[in-house]
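Numbering (our numbering), first residue to last: 10 to 206.
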């Protein structure tokens with residue numbers, strides 16, 4: 010299908026979170042006359058309970074196509090395919106029942122994204138989840154009411170392994186680095202090499 014652009018679609022009071030998609034040949038493709046995409050903010054570290062995942066999937070099966078992308082390049086949960094009349098219903102359920110917010114889209118601050126950090130990774134040099142959560146709360150209104158001329162992304166890596174690809178996929182990277190000289194136990198390395206089959 011071909012998509013036409015330029016139309017504004019969203020939820021009342023929000024400027025971000027919904028990517029409007031209208032088919033330019035609805036008579037040929039009536040099933041995707043509207044096929045809007047929603048970005049839903051992910052929790053720091055992308056930790057979910059199975060009950061939460063069931064709830065969002067029940068919502069999306071009811072109000073949308075049931076297709077998701079876990080996760081988009083922004084880190085958001087991506088809900089693929091719904092119609093304009095469903096947008097307010099989805100938004101109400103997300104914000105009031107599931108205590109979940111929309112992510113950023115368009116010329117907007119995008120949803121900050123982080124690696125698992127110190128919660129699971131021995132290489133993390135700082136608490137990525139705490140910083141991501143703090144900055145998300147600090148700038149949440151920027152996600153809702155776009156004021157930027159272009160998209161802007163924060164990403165948080167606990168170490169230079171760069172699990173969330175902050176250098177490649179963000180405008181402001183926070184990358185944890187070791188503060189001290191790198192310490193290597195040469196005796197242990199030599200012993201390992203000598204015993205290597």
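C-beta: ideal position from N, C-alpha, C; glycine also.
Classification of residue i by the beta-carbon crowding that lies within 10 angstroms, buried from 16 upward
i: residue 34; result: exposed
i: residue 112; result: buried
i: residue 159; result: exposed
i: residue 62; result: exposed
Straight-line Cα distance separating residue j from residue i
i: residue 200; j: residue 193; result: 13 Å
i: residue 203; j: residue 195; result: 12 Å
i: residue 26; j: residue 197; result: 52 Å
i: residue 59; j: residue 65; result: 10 Å
i: residue 52; j: residue 37; result: 39 Å
i: residue 185; j: residue 120; result: 20 Å
i: residue 181; j: residue 114; result: 17 Å
i: residue 154; j: residue 190; result: 44 Å
i: residue 127; j: residue 134; result: 8 Å
i: residue 171; j: residue 142; result: 18 Å
i: residue 100; j: residue 188; result: 44 Å
C-beta contact flag for residue i and residue j at 7 Å
i: residue 45; j: residue 83; result: no
i: residue 106; j: residue 49; result: no
i: residue 118; j: residue 147; result: no
i: residue 125; j: residue 54; result: yes
i: residue 137; j: residue 123; result: yes
i: residue 102; j: residue 88; result: no
i: residue 173; j: residue 164; result: yes
message = In chain order, what are the residue ranges of uninterrupted alpha helix (DSSP H) at least 4 long that sit wholly in the segment 20-86?
response = Counting only runs of at least 4 residues, the segment 20-86 fully encloses the following alpha helix (DSSP H) elements, listed from N- to C-terminal order: 59-72.
query = Which parts of the segment 151-203 are runs of the beta strand (DSSP E), unbroken and 3 residues or longer, counting only runs that do not cross its ends?
reply = The beta strand (DSSP E) runs of length 3 or more contained entirely in the segment 151-203 are, from start to end of the chain, 163-166, 181-184.
key: Those runs of the alpha helix (DSSP H) which lie wholly inside the segment 86-141 and span at least 4 residues   = Those alpha helix (DSSP H) runs which fall completely within the segment 86-141 and span 4+ residues are 96-101.
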